[in-house]
Amino acid sequence: MEGTIGLSAIDWCIVGAYLVGSLAVGVLVTGKATANRESYFLAGRNLPWWWAGASIAATTFAADTPLAVTGIVASRGLSGNWMWLSWLGVHAIVVVYFARRWNRAATYTDAELVALRYSGRLVEPLRLARAGLYGVVYNCIILGWVLRAMVKIVSPFFRWEAWFPSAMGTFASHWPSGSTLGTASDAVTIMALLAVVAIYSSMGGIRGVILTDLVQLALALAGSVWFAWLAWAKVGGRRGLVDGLQNQFGTNHAKLDLFPWRDAGWLDALGMGAFAFGVYLLVQSYT
Numbered sequence: 050m051e052g053t054i055g056l057s058a059i060d061w062c063i064v065g066a067y068l069v070g071s072l073a074v075g076v077l078v079t080g081k082a083t084a085n086r087e088s089y090f091l092a093g094r095n096l097p098w099w100w101a102g103a104s105i106a107a108t109t110f111a112a113d114t115p116l117a118v119t120g121i122v123a124s125r126g127l128s129g130n131w132m133w134l135s136w137l138g139v140h141a142i143v144v145v146y147f148a149r150r151w152n153r154a155a156t157y158t159d160a161e162l163v164a165l166r167y168s169g170r171l172v173e174p175l176r177l178a179r180a181g182l183y184g185v186v187y188n189c190i191i192l193g194w195v196l197r198a199m200v201k202i203v204s205p206f207f208r209w210e211a212w213f214p215s216a217m218g219t220f221a222s223h224w225p226s227g228s229t230l231g232t233a234s235d236a237v238t239i240m241a242l243l244a245v246v247a248i249y250s251s252m253g254g255i256r257g258v259i260l261t262d263l264v265q266l267a268l269a270l271a272g273s274v275w276f277a278w279l280a281w282a283k284v285g286g287r288r289g290l291v292d293g294l295q296n297q298f299g300t301n302h303a304k305l306d307l308f309p310w311r312d313a314g315w316l317d318a319l320g321m322g323a324f325a326f327g328v329y330l331l332v333q334s335y336t
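Basically our numbering = 1-based index in the sequence shown + 49.
If you want it as structure tokens, here you go:
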């Protein structure tokens, strides 16, 4: 396979230990998770608040995040981060205002909240439409780009054709060319990783998912800091970075500006979107 990267024995041991650890978490919390429906889906509503917050952060810090943020910063500079920073106010409102009222409603999903919030004959169509939009359309789009990013990152390390030439040859002959999932090898990688995730998440419920998220977030943050340090040293530190940007974009570039003062047109649209979503949350909070 072209473009593959070899891993040493210690590398595979680390990967294997992580996967086994994730499965072990699912096994260890199975008893608590299967006590009742509330334990499985909501962990009994008694998890520390920062566990839930860290889990949300880990979820948004998926395989696509480093690739997306890198592309945004490369094309728009540091101010491009306002693509997601513009939502800080909305998320703060969710935490300090909306979350308490949602918990008081004692619902399991936001679809239940819709049925509780509204009444009349149009409630069921509204619930189904919202479930279809967020549960199917949005989830398919998000999972699509997350899986694609995951494949781009890990596929060089999984040499399925070299490990199982006969089986992969047969599978590849039946795999549609031009598939959005990539090559036959990419598809096998996706299925293998999804199988691990499905096993530990289904066994441990939301408690198992959150516990593994805590580990994943710690690894992601540590890896990000380490990689940033290596990149900083590679370009020659602050002086090397400034000189390199000036050589490529001239002295009047705005790549290092945190706030896009010179060209804020795209930021206005993002701010309006965040404001509209905030209004939506505020309206929904009044039950």
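From the three backbone atoms N, C-alpha and C, an ideal C-beta is built for every residue, glycine too.
How close, in whole Å, do the beta carbons of residue i and residue j come, if the pair is a contact with beta carbons under 8 Å?
{"i": "Lys-304", "j": "Leu-127", "result": "7 Å"}
{"i": "Met-217", "j": "Ser-228", "result": "That pair is no contact at about 15 Å."}
{"i": "Tyr-167", "j": "Leu-175", "result": "7 Å"}
{"i": "Ala-248", "j": "Gly-75", "result": "The residue asked about is misnamed: residue 248 is Ile in this sequence, not Ala. Sure, about 6 Å apart at Cβ, within 8 Å."}
Output needed for residue i: all residues of its chain with C-beta closer than 6 Å, excluding positions within five of it in sequence on either side, in chain order.
{"i": "Ser-104", "result": "Ile-259, Asp-262"}
{"i": "Val-172", "result": "Ala-164"}
{"i": "Thr-108", "result": "none"}
{"i": "Met-50", "result": "Legend: pLDDT at Met-50 = 45, less than 50; position of this residue unreliable, value from coordinates given subsequently. Taken in chain order, the residues that qualify are Arg-208, Glu-210."}
{"i": "Ala-160", "result": "Arg-176, Ala-180"}
For residue i, is the classification buried or exposed, using 16 other Cβ atoms within 10 angstroms of its Cβ as the cut-off for buried?
{"i": "Arg-94", "result": "exposed"}
{"i": "Trp-99", "result": "exposed"}
{"i": "Arg-256", "result": "buried"}
{"i": "Trp-82", "result": "Sequence check: residue 82 is Ala here, not Trp. Flag for Ala-82 reads buried."}
{"i": "Ser-222", "result": "exposed"}
{"i": "Gln-295", "result": "exposed"}
{"i": "Trp-131", "result": "buried"}
{"i": "Leu-270", "result": "exposed"}
{"i": "Ser-57", "result": "exposed"}
{"i": "Tyr-89", "result": "buried"}
{"i": "Gly-129", "result": "buried"}
{"i": "Asp-113", "result": "buried"}
Here's a check: name, in chain order, each residue in its chain whose Cβ is nearer than 7 Å to the Cβ of residue i, leaving out the five neighbours to either side.
{"i": "Val-284", "result": "Leu-290, Gly-293"}
{"i": "Trp-209", "result": "Met-217, Ser-234, Val-237"}
{"i": "Val-246", "result": "none"}
Using 8 Å as the cut-off, can you tell me whether the stretch 191-207 makes contact with the stretch 106-122, which would need three or more C-beta pairs spanning the two stretches below that distance? In short, these stretches touch, since the Cβ pair count reaches three.
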